[in-house]
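Encoded as structure tokens, the structure appears first; notes follow it.
Residue numbers (this note's numbering), protein chains in the order written: chain A, 1 to 191; chain B, 1001 to 1191.
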């Protein structure tokens, strides 16, 4: 998606450790107009008529997924990150490793809001190692629901998470795949 | 706001400890149509023409605030909850006490995205003791920005956070103020 790539090049900052900061429009300050264009783009790649539910993970996926849910008139569930050992029952859960916080995190979602009849599109702002995505797919499977696909705004292609999902046959669409980055030189994978 | 109150009565669950769960439409599963009606309602109470920026706190405020930002064509910043001691510079920060997690949490927002010229409307899904709100107002003040007002969907009136802000002269509008709750009997404050 050219508009997204242009914004990444223009406003993104490459930090040591292959970190790409796009917090001016995607995951701290939110540009909802761009989010809406991203939603439109996802609409070209997924059959939204069959989707019954969008799923994302807190916190930074919520803004984009909310605009997508609004755009397509679908409900959204965001999986929470459990912060206490005292988690109530009635939950789907998946343990993932958070590279951001360098520790295990448990993604949870109430069973009440995801049924085996659901056809789910997962939306996230960012994918690197794909741990959060793996956790979300876990939750879809635990619910016995159908995974329609995965829509991701920015994928760090060189960290392999997206390619592992492709190899596993997941219908994944990332709108900007970054294959390498250093200050002043962000290289995108060709569409 | 009658539509919101009706949803709380119909779908909300009162749990021990005066906890009101509205996670079927507000803060776990998201009904973006209702969120949009809430945005519309805020538009009656605040002069959106003068607002330059919406501000909320992760995680559960993001969905509602995103729909509001989209509705009014304004940028949104969500303050993050710092999870590590290793917080980079260039941030506004405010320490608050999280009653949910029973510990101190630091709200942070990048200085880059909030300027002293901003006229800010704070949006949140829920207010109880008002600690998160206090932290967000702190950030507005640290930035030297102007606080236009506070828009809150559900306020637990009996926990005093909203009334403390009213007493301090903050222009706050909560769309459903719950003055008492027990299973089967949720009492709203009159408008």
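Backbone N, C-alpha and C fix where the C-beta goes; we use that ideal spot for every residue, glycine too.
Since this is a predicted model, take the numbers as computed values, not measurements.
- The beta carbon of residue 1028(B) sits closer than 8 Å to some beta carbon of chain A.
- In this structure, residue 91(A) sits away from residue 75(A), with a CB-CB distance that is not shorter than 8 Å.
- Looking only at 67(A), 8(A), 11(A) and 79(A), the smallest Cα-Cα distance to residue 1023(B) is reached by 79(A).
- Between residue 1066(B) and chain A, the shortest Cβ-Cβ separation is below 8 Å.
- Against chain A, the beta carbon of residue 1110(B) has neighbours under 7 Å at 23 and 28, listed in chain order.
- Under the Cβ criterion of 8 Å, residue 1003(B) is not counted among the residues facing chain A.
- At a cut-off of 8 Å, the C-beta of residue 1076(B) has a neighbouring C-beta in chain A.
- Only 109, 110, 112 and 113 from the segment 109-140 of chain A bring a Cβ to less than 8 Å from some Cβ of chain B.
- A direct Cα-Cα distance of roughly 27 Å separates residue 134(A) from residue 7(A).
- The Cβ atoms of residue 1120(B) and residue 1009(B) do not sit closer than 8 Å to each other.
- Look at residue 1019(B) here: in three-state DSSP terms it is strand.
- For residue 1141(B), the enclosing alpha helix (DSSP H) starts and ends at 1131-1142.
- Residue 186(A) carries a strand assignment under DSSP once its states are collapsed to helix, strand and coil.
- Listed in chain order, the alpha helix (DSSP H) elements of length 4 or more contained wholly in the segment 1044-1127 of chain B are 1061-1072.
- Residue 12(A) and residue 1167(B) have their C-alpha atoms spaced approximately 42 Å apart.
- Distance from the CA of residue 103(A) to the CA of residue 131(A), rounded to the nearest whole angstrom, comes to 12 Å.
- Between the alpha carbons of residue 142(A) and residue 1183(B) lies a distance of about 31 Å.
- Contact of residue 1080(B) with chain A by beta-carbon distance below 8 Å involves 28 and 59.
- Ranking 18(A), 152(A) and 137(A) by CA distance to the CA of residue 145(A) puts 137(A) first.
- Residue 167(A): member of the alpha helix (DSSP H) spanning 161-167, first to last residue.
- CA-to-CA, the gap between residue 31(A) and residue 25(A) works out to about 5 Å.
- Straight-line measurement puts the Cα of residue 149(A) at about 20 Å from the Cα of residue 178(A).
- Between residue 1064(B) and residue 1020(B), the C-beta spacing is not below 8 Å.
- Here DSSP, grouped into helix, strand and coil, assigns residue 150(A) to strand.
- For residue 1095(B), none of the residues of chain A pass the 9 Å Cβ criterion, the least Cβ distance being about 17 Å.
- Around the CB of residue 47(A), fewer than 16 other CB atoms lie within 10 Å, so the residue is classed as exposed.
- Chain-ordered listing is empty here: chain A has no CB closer than 7 Å to the CB of residue 1191(B), the nearest sitting near 27 Å.
- Here residue 179(A) carries a strand assignment [DSSP, helix/strand/coil].
- Note that the C-beta distance between residue 106(A) and residue 82(A) is below 8 Å.
- Between residue 1094(B) and residue 1139(B), the C-beta gap is smaller than 8 Å, which places the two residues in contact.
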